[in-house]
Structure formats: structure tokens, C-alpha cells
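Following the numbering used here, the numbering of the sequence shown begins with 1 at its first residue and continues without gaps.
Note that beta-carbon positions come from the ideal geometry of N, C-alpha and C, so glycine has one too.
Please read all numbers here as calculations on a predicted model, not as lab measurements.
Step one of this worksheet: look at the structure below.
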Amino acid sequence: MVSTLDEQQAYGGPATHDVTNQAPPLTPYDASDDTALLEGLRREGAGWAEEELRRLGRQAGSAQAQEWADLANRHEPELRTHDRYGNRVDEVEFHPSWHHLMRTAITEGLAAAPWADDRPGAHVARSAGGLVWGHTEAGHGCPTSMTYAAVPALRRQPELAKVYEPLLTSREYEPGLRVPTEKRGLLAGMGMTEKQGGSDVRTNTTTATPTTEPGVYTLRGHKWFTSAPMCDVFLVLAQAPGGLSCFLVPRVLPDGTRNTFRIQRLKDKLGNRSNASSEPEFDGTVAWLVGPEGHGVKTIIEMVNCTRLDCVMMSAALMRKSLVEAGHHARHRSAFGARLVDQPLMRNVLADLALESEAATTLTLRLAGAADRAIRGDDADGAEAAFRRIATAVGKYWVTKRGPAFTAEALECLGGNGYVEDSGMPRHYREAPLLSIWEGSGNVNALDVLRALSREPGTAEALFSELALARGADARLDAAVARLKNGLSEASQTTARRLVEQMALTLQASLLVRHAPPAVADAFCATRLGGDWGQAFGTLPETAGLDAILERALPDAD
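And the structure:
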């Protein structure tokens with residue numbers, strides 16, 4: 001092998017492959033080093049979890065955890081329909097890194113553990129943990145989210161909840177298909193959509209036929225997008241004699257035999273590559289009724305609230321991770337005679353991204369606080385439940401919509417370096433659109449907001465009561481609230497997206513006015529509400545306090 005010195009001597013100059021002006025590895029770093037996150041954690045009643053959150057943040061930012069994230073996406077799950085003897089097994093094999101990520105998430109209580117935790121703020125602590133552990137990768141967040149969301153739906157059938165809830169809320173990760181009650185911990189999935197209907201689940205054609213055993217049915221049909229098929233149990237919608245109903249489907253039956261759950265194929269997805277999404281076929285599949293016949297949608301509605309909150313949380317985590325990556329690159333890369341982070345235009349871009357990230361994080365924690373108080377019953381007048389109902393749909397619509405544009409801009413901060421897979425930024429970019437699609441696309445959520453306003457009048461009152469807490473603090477915010485009130489009277493399907501966008505921005509602004517430093521709140525109100533903004537990130541006005549914004553979002557920026 002020729003040494004570098006030999007090369008220099010042979011070719012008359014320094015080696016051409018010397019590495020200069022490249023950012024060093026980001027790892028190790030503390031993913032919980034986020035002032036807005038920590039302030040929100042305390043404000044929403046989970047300050048007791050801060051020490052654990054900081055520990056998880058250091059683990060999320062470790063070289064090992066980041067390598068797990070990379071490997072789990074590079075080595076995608078593989079479907080094995082039959083064993084060597086020709087027996088149908090319908091198993092999906094994952095890279096060991098997937099199991100490392102899953103084990104950590106479950107152990108840290110990021111699945112269903114809060115339902116078994118009596119401490120006020122337990123659900124807030126889980127969301128904060130997701131914001132931090134989300135710095136690894138998003139795919140394994142799907143089964144943890146579904147497991148979390150399954151518990152309130154399962155409680156509609158107390159005898160089933162008595163058996164399965166302690167196992168779903170366990171912090172033990174035990175992969176592999178076995179009799180559920182013989183395991184120390186379970187994961188739950190969902191089988192809702194079908195090829196002909198998507199979000200329009202009332203058009204489902206999967207049938208449920210009662211057996212001679214009370215509460216037990218057999219299913220026949222084909223689901224279109226069922227993620228994490230290696231979960232232990234699934235909540236499935238099917239048409240029973242009394243109408244669309246919800247059922248519990250275990251992969252392994254109590255006698256140890258495999259339930260019929262034929263995985264036809266795994267989806268070849270844009271992103272979320274570490275997570276297996278499948279098309280299962282049911283044919284004589286044994287299932288237990290959850291809730292009354294014909295109440296399938298009512299049974300899963302609480303599940304929807306939980307998974308939509310997780311969509312907001314995961315989008316906010318993706319934003320923060322992308323911002324941290326962009327800020328790290330800008331601190332260590334120079335161009336045109338100065339570090340990128342010291343150049344005014346780059347500082348404008350980073351500060352604009354920081355505003356968006358903080359607004360998403362703050363809203364996530366406020367939604368988690370509302371969920372926690374509504375679930376625990378610390379909500380005597382029902383105001384938090386009503387606020388949760390409308391604000392979660394609003395947040396799901398807007399924050400997940402901002403994700404793709406945000407990750408694209410953050411990727412661009414790295415230039416060509418951000419366009420190569422080794423940087424990790426392409427994975428973030430591919431992941432971002434999923435969160436707007438999963439659990440109802442933008443149109444579905446916008447229409448759900450209209451439905452809440454028309455059928456549940458208390459939701460509008462709860463939203464405006466929240467906004468009133470910031471009344472008089474900023475004239476632009478007050479004007480936005482007035483416009484929003486006027487707009488409600490003209491709400492229609494055609495204008496639903498615009499209305500929900502206004503709700504989201506007004507709500508985010510009110511939270512920042514109340515809880516963020518003046519530089520952050522002023523810049524957000526000036527741009528998102530006051531119109532002093534362009535059409536892309538990096539168009540903050542000259543008056544924006546870029547230094548204060550960046551010092552808060554990226555403490556080592558200077």
C-alpha cells in the first residue's frame with residue numbers, strides 16, 4: 001500500500017483526498033438538549049420525568065443508537081410466508097437493530113405504559129420521550145403508537161382488557177409469535193383500511209360471522225395497509241350482522257395454533273422502510289368482539305385521538321432532528337470566507353426553521369397535557385377533553401403538513417452533503433410525508449374539524465377559551481383570533497383547509513406568546529400571522545431577533 005507521503009513524493013504535491021471543511025460526526029449528542037421541550041415537559045405536569053428524559057436523550061444521540069437507526073432502514077424486513085417444509089408461517093424477519101430500537105422504546109415506556117401509571121403527566125412524559133427517542137428513526141414508532149392507542153379501545157370490552165391490558169402496558173419486549181398470555185409483554189396492531197375505501201372505513205367488505213361461542217366470530221376479507229404484522233394482537237374492523245364492528249384478532253390462538261393471518265405481501269414504501277406494512281388476508285380467522293356490534297367507529301375513535309397525537313409528536317421530532325443536523329453542519333462548514341452559521345442568510349433560514357420546530361414541539365406537549373388530564377379525569381368541566389378533540393385534529397393537519405417542507409429546507413442547508421444517504425437527511429425527507437397520510441390525510445382531518453365544530457359545539461368554545469389566555473399580549477394575535485371567529489360562520493368543505501390552517505397558526509402563536517421568549521413569539525406572530533414573511537423558509541424580516549432565536553434553539557450556534 002502506498003503511503004500518503006509516498007503519494008506526495010510520487011505526484012509532486014499533497015494527496016488529493018485530504019478531508020477539509022467537512023462537519024465532524026454529530027454523535028454523540030444529547031437529543032433532549034431542547035429548551036422548549038424541557039419547559040413544556042414541566043409546564044404540562046411531567047417535570048418529574050426530566051432526569052429520565054435527559055438520560056434517554058443522551059442514549060438517542062449516541063453513536064450506537066444512531067447506527068441502529070441506520071441499519072434498521074438499510075436492512076429492511078423480509079417476509080417469509082412458508083417454512084422449509086411448506087407450512088404457512090407468515091412471519092416477518094427484522095434486522096437485530098430493529099429489535100434494539102424496539103426494546104429501548106418499550107423499556108422506556110414509549111408504548112402503552114402510561115395507561116398503567118397513576119402519576120399526573122404520565123402521558124406527557126411519554127410524548128416527551130417520543131420527541132427525544134424520535135431522533136433515532138421513525139419506523140419502530142408505528143407499533144409502539146398502535147400499542148398505546150389500542151388500550152382505550154380494548155377497554156370497551158372489560159373482560160378482554162382484563163386479560164390483555166397488563167401485557168400491553170408492560171415494559172417487556174418479547175418478540176416472536178407465541179400464545180399471548182404466555183408472554184411477558186405484547187404489541188398491538190390495527191387492521192382498518194381496505195383497498196376500495198382507505199379512510200372511508202364504512203365501505204369495508206371484510207365480514208364477521210358469529211360462532212356458537214358468545215363474542216367469538218370468524219372473519220373473511222382482505223386488509224390493505226396493516227403495519228407491523230408481527231404484533232401479537234390486532235384490532236380489526238369488519239362487517240358483523242349488526243353493522244361495522246371492532247374485533248380483537250390474535251396472531252396465535254389460546255391453544256397454540258396459528259390464527260389465519262395470510263400476509264400477501266409487504267408494501268414497497270417511499271419511506272418508513274424499517275417498518276413492515278402488509279396486506280393480510282383473513283379466511284376463517286378467529287376474532288373476539290370489542291364493543292357492541294355496529295359500534296366499530298365509536299370503539300376506535302379514542303384510538304384515533306391517540307395515534308393522531310403521535311403523528312404530531314413524530315413530525316415535531318423529525319423537525320427537531322433535522323434542525324439539529326442542519327445547525328451542526330452550519331457550525332462546522334465554511335463558505336465564502338466565513339462559517340455558514342455566521343452568515344446572515346443562513347442564520348435567517350435556521351432561525352425560521354427554529355420557530356417552526358418550537359411551535360410544533362410546544363403544541364405537541366400542550367396536546368399531550370390535554371390528553372393526560374382528560375384521560376385521568378382531571379377535567380371536571382370537560383374543557384380539556386373538548387380542547388383535545390378539536391386541537392388534536394387541527395395539530396395533526398398542520399404540523400404533519402409542515403414536515404415535508406421543513407425537512408427539505410433542512411436538507412438543503414447541507415447542500416449536496418445532505419442529498420446522499422450517508423447523511424441521514426434523505427431518510428428524514430422520505431419519512432415526512434407519511435405522517436400527514438397516516439391516520440387520515442389532510443382532507444380527512446380538515447373535514448373532521450368541521451364535523452367537530454358542527455356536532456360538538458363545546459369544541460369551538462374550548463378552542464377560543466384557550467386562545468383567550470393570550471388576549472391582549474400581541475395585537476397581531478388578537479386580530480387573528482377575531483378573523484378566526486368570523487371565519488367559522490363561513491366554514492365549508494371548500495374552505496376547510498384554510499380555516500384549519502388559521503386555527504393551527506393562531507393556536508401555536510398563542511402558546512408561544514404565553515410561554516416562549518419575546519424574540520420567538522414576536523417573530524412567529526409577525527410572519528405566520530402578520531404577513532411579514534415570504535413563501536419559503538429563510539424569509540424572516542430584518543426586525544427578527546435571529547441571535548436570540550438561534551441561541552435558544554441551537555445553544556452552541558455562536
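- Nearest neighbour of residue 487 by Cα position, chosen from 538, 503, 71, turns out to be 503.
- Judged by DSSP in its simplified three-state form, residue 279 adopts strand.
- The Cβ atoms of residue 170 and residue 191 lie no closer than 8 Å to each other.
- Sequence-distant Cβ neighbours of residue 149 in its own chain, meaning closer than 6 Å and more than five residues away, are 303, 306, 307.
- For residue 244, the uninterrupted beta strand (DSSP E) run begins and ends at 243 to 250, by DSSP.
- Boundaries of the alpha helix (DSSP H) harbouring residue 70: 63 to 74, taken from the DSSP string.
- Boundaries of the alpha helix (DSSP H) around residue 387: 383 to 413.
- Out of 173, 211, 344, 342, the CA that lies nearest to the CA of residue 284 is found in 211.
- Looking only at 238, 231, 218, the smallest Cα-Cα distance to residue 200 is reached by 238.
- A direct Cα-Cα distance of roughly 20 Å separates residue 352 from residue 397.
- With a contact defined as Cβ atoms closer than 8 Å, residue 373 and residue 384 qualify at about 4 Å.
- Annotated three-state conformation of residue 210 is strand, per DSSP.
- Partner residues in a beta bridge of residue 295, as assigned by DSSP, do not exist.
- Positions of the alpha helix (DSSP H) runs, each at least 4 residues long and wholly inside the segment 409 to 457, are given as 425 to 431, 434 to 437, 442 to 455 in order along the chain.
- Distances from the CA of residue 478 to each of 532, 513, 99, 203 were compared; the closest alpha carbon is that of 513.
- C-alpha of residue 26 to C-alpha of residue 328: approximately 7 Å in a straight line.
- Contact check for residue 53 against residue 179 fails: the beta carbons are separated by 8 Å or more.
- Sequence-distant partners of residue 506 (beyond 5 residues in either direction) whose C-beta falls short of 8 Å from its own C-beta, in its chain, are 467, 477, 480, 481, 484, 529.
- Taking 8 Å as the cut-off, the beta carbon of residue 177 is found closer than this to the beta carbon of residue 251.
- When C-alpha distances from residue 97 are compared across 241, 22, 69, the shortest belongs to 69.
- When DSSP states are grouped into helix, strand and coil, residue 489 belongs to the coil group.
- Contact check for residue 350 against residue 380 fails: the beta carbons are separated by 8 Å or more.
- The segment 242 to 262 and the segment 116 to 130 do not touch, with fewer than 3 CB-CB distances between them shorter than 8 Å.
- Using a Cβ-Cβ distance cut-off of 8 Å, the segment 436 to 450 and the segment 394 to 413 are in contact, since at least three pairs of beta carbons, one from each stretch, lie closer than that value.
- For residue 249, the closest C-alpha among the options 224, 240, 218, 145 is that of 218.
- With a 10 Å radius around the Cβ and a threshold of 16 neighbouring Cβ atoms, residue 465 comes out exposed.
- With respect to the C-alpha of residue 426, the residue from 270, 124, 344 having the closest C-alpha is 270.
- The segment 275 to 293 makes contact with the segment 228 to 248; the number of CB pairs closer than 8 Å reaches 3 or more.
- Judged by DSSP secondary structure, residue 85 falls outside any beta strand (DSSP E); it is assigned neither H nor E.
- Note that the C-beta distance between residue 313 and residue 130 is below 8 Å.
- For residue 182, the number of other beta carbons within 10 angstroms of its own is below 16, and it is reported as exposed.
- Residue 73 and residue 273 have their alpha carbons spaced roughly 5 Å apart.
- With a contact defined as Cβ atoms closer than 8 Å, residue 346 and residue 340 qualify at about 5 Å.
- As a beta-bridge residue in DSSP terms, residue 234 pairs with 189, 249.
- Collapsing the DSSP output to three states places residue 173 in coil.
- Going by C-alpha positions, residue 123 is about 20 Å away from residue 515.
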